[in-house]
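Colleague:
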Amino acid sequence: MDSLFTNNKLMKEILISSKNIAMVGVSSVKEKENVISIKRRPSIIVMKYLQEFGYKIIPVNPISVGKEICGEVAVSKLEDITIPIDIVNVFRPSQETPLIAKQAAKIGAKTLWLQYGIHNLEAQKIADSENINYVANKCIKQEYQKIFLKMSPVFPVLQ
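Each residue of the sequence shown is one higher than the one before, starting from 496 at the first, in this note's numbering.
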């Protein structure tokens, strides 16, 4: 399986066939933090955007277990999700992705999608060995916009 998806057709197939996305590392409000600054975080912007286009997003954030993030209850880890997950979308440092890749395989996810600036060869090897699509260093929101809305935003997370 070609693990680096640069082909729009393959990206389109992933986005069309997927309905449920686990978002690992989605931001949450911490004590003494400005709520407005949270709304501007890339993970929150991406989560809300994908929800607007019909995706079910499950926030994965151990600090916010049981709390709502953008209308969805946060879970601690991927294994705590009770519905089938199509895409595991990652907003965590590259060095954490091999463990996330193993967890994605364990829950039967079809795609491991690492956001801008995130790539890890070990995570890629795990995804490949488990027959999981691997997308790295790409914003899922921007790819959706390019493929379905035929737009190419300069600052993808801010639109």
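Even glycine gets a Cβ: it sits at the ideal position worked out from N, Cα and C.
Model, not experiment: these values are computed from the prediction.
Less than 8 angstroms between the beta carbons of Val570 and Val560, yes or no?
Modeller: Yes. Within cutoff.
Colleague: Do you know how far the Cα of Glu574 is from the Cα of Ser532?
Modeller: Residue placement at Ser532 is poorly supported in this model, since its pLDDT is 49, which falls under 50; the coordinates still yield a value, given next. Distance between the alpha carbons of Ser532 and Glu574: 29 angstroms.
Colleague: Which stretch, first to last residue, makes up the beta strand (DSSP E) that contains Thr606?
Modeller: Its beta strand (DSSP E) spans residues Thr606 to Leu609.
Colleague: Excluding sequence positions up to five away, which residues of its chain have a Cβ less than 7 angstroms from the Cβ of Thr592?
Modeller: For Thr592, where only same-chain residues beyond five positions count, the Cβ hits under 7 angstroms are Val585, Leu609, Ile613, Asn615 and Ala618.
Colleague: Taking the CB atoms as reference points, tell me whether Lys605 and Asp623 lie closer together than 8 angstroms.
Modeller: Contact: no.
Colleague: Find out if the Cβ-Cβ distance for the pair Ile621, Lys645 is shorter than 8 angstroms.
Modeller: Contact: no.
Colleague: Starting from Pro554, follow the beta strand (DSSP E) in both directions and report where the run begins and ends.
Modeller: Taken as a continuous stretch (DSSP letters only), the beta strand (DSSP E) holding Pro554 covers Lys551 to Val555.
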